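Here is the structure we will look at.
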Amino acid sequence: MTSSTRGPRRGDTRKRIQDVALELFAEQGYEKTSLREIAERLDVTKAALYYHFKTKEDILISVFEDRTRPIKELVEWAEGQPHGLETKKEVLSRYSGIVMDAGPIFRFMQENQATVRELSIGEMFKDRIFELMGILKEPDAPLADQVRCISALITMHAGNFHLQDAEGDPEEKRAAVLEVAVDLVTQAHAGQGKK
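Going left to right, the sequence shown walks through residues 41 to 235 as the numbering used here numbers them.
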């Protein structure tokens with residue numbers, strides 16, 4: 041009984057550290073947040089925190105790896121599907137849920153752009169977005185249709201980020217953003233003579 045509670049507890053501790061660190065990074069900025077402050081907010085010793093993560097960069101990288109894994113899984117799923125409009129719509133629908141769940145990451149990226157550029161996390165995220173773009177656009181798409189596909193992803197990121205504080209049902213806001221993104225990709229797909 042004890043060993044079964046330790047496994048989930050360890051995982052919960054890691055997630056708790058990530059959540060608290062991300063919260064502090066958003067509040068104070070990455071550079072101004074120390075491991076000591078993260079430990080204090082968690083109500084643990086710095087040594088206990090150090091057991092899980094040696095540096096705040098380790099924490100941040102683990103957050104990005106964990107929270108961008110669903111994007112990688114989505115790309116892998118999509119690569120096994122027919123490359124058509126229905127697959128693209130499903131990718132956008134699933135990605136919409138990923139973006140909603142990753143709200144704190146997008147806030148962090150918006151508010152800590154210099155850190156994102158300096159650390160490997162910016163490249164990691166950019167690679168995931170390029171992989172998604174490969175699914176959404178046709179290889180020989182005209183430039184305007186490529187822009188539509190890029191705009192669909194930007195719409196999902198910016199729309200969810202900027203609508204988070206707007207009044208209204210979160211699911212209705214997500215659906216509105218998704219509708220616009222799907223419209224853009226549908227227009228791009230139609231531009232290729234696809235049905």
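Beta carbons: idealized from backbone N, C-alpha and C, even for Gly.
Just so it is clear, the structure is predicted and the values come from calculations on it, not from any experiment.
For the pair Arg76 and Leu64, the Cα-to-Cα distance works out to about 11 Å. Taken atom to atom, the span from the alpha-carbon of Arg188 to that of Asp223 is near 9 Å. In terms of Cβ geometry, Ile99 and Ala142 do not form a close pair [threshold 8 Å]. For Thr53, there are no CB contacts under 6 Å within the same chain when 5 residues up- and downstream are skipped.
From the listed residues Asn200, Leu89 and Ala228, the smallest Cα separation to Arg147 is found for Asn200.
Met196 is a Cβ neighbour of Val139, given a cutoff of 8 Å.
With a minimum length of 3 residues, there is no unbroken run of beta strand (DSSP E) contained wholly in the region 129-179.
Here Ser160 really is in contact with Ile101; their C-beta atoms are around 7 Å apart, less than 8 Å.
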